[in-house]
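Heads up, the sequence shown is in full-length UniProt numbering, so the first residue is 1 and it goes up one at a time. Glycine included, every Cβ here is placed at the ideal spot set by N, Cα and C. The structure presented is a predicted model; accordingly, all values stated were derived computationally and were not measured.
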Amino acid sequence: MAGSPDCNIDRTFVYQFQFKTTVKKPSISKKTYINPIYLAREYKHMIESEEVKNHAELASIKGISRARVTQILNLLKLEKSIIDNIEQIGNPMDRKVISERELRKIIH
């Protein structure tokens, strides 16, 4: 006899699971987009209310760069009529009507 004394034991087995309730699939949530003007106003409010000291602290809290904070805040330099039109879209947006990147192209 060679090998382990247990080598002849059959190790095959079958398990059968029965669930009493049906498993519900998670609902697919609808994706939303933040209105870039609302985001810029939020950042401006945080700085003006001294919730944060400066752009660097805001960037650290939000997990973005200082340059990115500046880019977002610069959206408030758009003409008032443009800002008003974008604000009328509402927040959050159900689809990406206009992006922050597109708005940056038209800042004076």
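C-alpha distance - residue i paired with residue j, whole-angstrom precision
i: residue 94; j: residue 71; result: 23 angstroms
i: residue 13; j: residue 58; result: 59 angstroms
i: residue 41; j: residue 30; result: 25 angstroms
i: residue 21; j: residue 84; result: 51 angstroms
i: residue 81; j: residue 47; result: 24 angstroms
i: residue 62; j: residue 87; result: 22 angstroms
First through last residue of the alpha helix (DSSP H) which encompasses residue i
i: residue 46; result: 36-48
i: residue 58; result: 55-62
i: residue 95; result: Run containing residue 95: none; DSSP gives neither H nor E here.
i: residue 73; result: 66-73
i: residue 16; result: Per DSSP, residue 16 belongs to no alpha helix (DSSP H) and is neither H nor E.
i: residue 87; result: 80-89
Closest residue to residue i among the options (Cα-Cα distance)
i: residue 79; options: 37, 33, 25, 96; result: 37
i: residue 44; options: 33, 69, 81, 60; result: 69
i: residue 101; options: 63, 35, 19; result: 35
i: residue 73; options: 81, 55, 92, 82; result: 55
i: residue 33; options: 66, 104, 19, 91; result: 91
Integer Cβ distance of residue i from residue j, believed to fall under 8 angstroms
i: residue 107; j: residue 97; result: At roughly 18 angstroms, the Cβ-Cβ gap does not stay under 8 angstroms, so residue 107 and residue 97 are not in contact.
Test: residue i CB closer than 7 angstroms to a CB of chain B
i: residue 93; result: The question asks about chain B, but that chain is absent: this structure has only one protein chain.
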